[in-house]
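Residue numbers (the working numbering): 20 to 91. Just so it is clear, CB atoms sit at the ideal spot from N, CA and C, and this is done for glycine as well. Please read all numbers here as calculations on a predicted model, not as lab measurements. So the structure is just underneath, and the comments pick up after that.
Encoded structure:
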């Protein structure tokens, strides 16, 4: 997001993007897991390794895309 009145660069860069989001997710506890939580408090999707059914193919993309979409 840009501040009002700020100039949008001609060539945007992604430098520092991962670090910024990682800090945000860490401070929000996005990936933190509370082992004392009961089953009804935990939302988890368990997926098999990507090559459990053989070589990677378009079906893997299809499956993982559905899982990701539903979870969001």
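- In this structure, the alpha-carbon of residue 64 lies about 26 Å from that of residue 38.
- Counting along the chain, no alpha helix (DSSP H) covers residue 49, and no H or E run does either.
- Distance from residue 84 to residue 66 at the Cβ level is roughly 12 Å; contact not present, criterion being Cβ atoms closer than 8 Å.
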